[in-house]
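**Q** Got a structure for you, written out below as structure tokens; questions coming shortly.
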Amino acid sequence: MSLHLVPIRFRDAAAYVAMWHRHHPAPVGMVFAVGAADDEGVLRGVAIVGRPVARHLDNGQTLEVTRTATDGTANANSLLYGAAWRAAKALGYTRLITYTQAGETGASLRAAGWRVIAERPARPGWSVPSRPRTPTGTEWIPRTLWEATA
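If you're matching positions, the sequence shown starts at 363 in my numbering and goes up one per residue.
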């Protein structure tokens, strides 16, 4: 099966993430999104790219792949990660990051030329008295920070 990139609206990308993502809902916003479709035009995966979730990384030059989701089609995730970096660079951004959770291999990221830049320890959650948050089920899971390379 051959895959190609397709434009996708946020509403459709968010619906795809809601259907196929293993552990997170769709993000609330984006800078851009891209889809991967097969030869028949069937959508096989999406990537949503937005401002970095961590405020200290939001420097105006950095974007974050906040979600990718596929239906399991081989190479769809790698195609999307590579496309996200090319698009971010074309828009003038100098850095693109994303995270994986412990237990995820990062094979798609490595195949797209990304590299590990940090291992983040598990956190008990993001809720603090000044900003209470509802648990999402991903607390206490270590994460790996990845960066796209030129």
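Using N, Cα and C, we set each Cβ at its ideal position, and we do this for glycine too.
This structure is a prediction, so every number in the text was calculated from the model and none was measured.
Excluding five sequence neighbours on each side, which residues of the same chain lie with their C-beta closer than 7 Å to the C-beta of Phe394?
**A** Counting only Cβ-Cβ distances below 7 Å, and skipping sequence neighbours, we find Val411 and Ala449.
**Q** Quick test of the definition: if touching needs 3 or more C-beta pairs under 8 Å, does the stretch 382 to 389 touch the stretch 416 to 424?
**A** Contact between the stretch 382 to 389 and the stretch 416 to 424 is absent, because fewer than three Cβ pairs lie under 8 Å.
**Q** Determine the direct distance from the alpha carbon of Glu501 to that of Pro486, and round the result to whole angstroms.
**A** One C-alpha to the other measures close to 5 Å.
**Q** Between the C-alpha atoms of Gly454 and Pro494, what's the straight-line distance to the nearest angstrom?
**A** Rounded to the nearest angstrom, the two C-alpha atoms are 35 Å apart.
**Q** For a test of the three-state rule: what should DSSP assign to Val411, helix, strand or coil?
**A** Note: Val411 maps to strand in three-state DSSP.
**Q** If you compare alpha carbons, which of Ala438, Arg371, Asp433 and Arg429 is closest to Leu458?
**A** Closest by alpha carbon: Arg429.
**Q** Closest to Pro483 by CA distance: which of Arg505, Ala474 and Val408 is it?
**A** When only C-alpha atoms are compared, the closest one is Arg505.
**Q** Measure how close the beta-carbons of Ile370 and Val396 come, nearest whole angstrom, since I'm counting them as under 8 Å.
**A** Sure, about 7 Å apart at Cβ, within 8 Å.
**Q** Measure the alpha-carbon distance for Asp400 versus Thr498 and round it to whole angstroms.
**A** If I take the Cα positions, the gap works out to 32 Å.
**Q** So if DSSP puts Phe394 in a beta bridge, which residue, or which two residues, is it bridged to?
**A** Answer is Val411, bridged to Phe394.
**Q** Just the Cα atoms here: how many angstroms apart are Leu442 and Ser489?
**A** In a straight line, the C-alpha of Leu442 is about 31 Å away from that of Ser489.
**Q** Confirm, please, whether the CB-CB distance from Gly465 to Thr432 is below 8 Å.
**A** Not closer than 8 Å, so no.
**Q** Classify Thr467: buried if its beta carbon has 16 or more other beta carbons within 10 angstroms, exposed otherwise.
**A** The residue is exposed, with fewer than 16 neighbouring Cβ atoms inside 10 Å.
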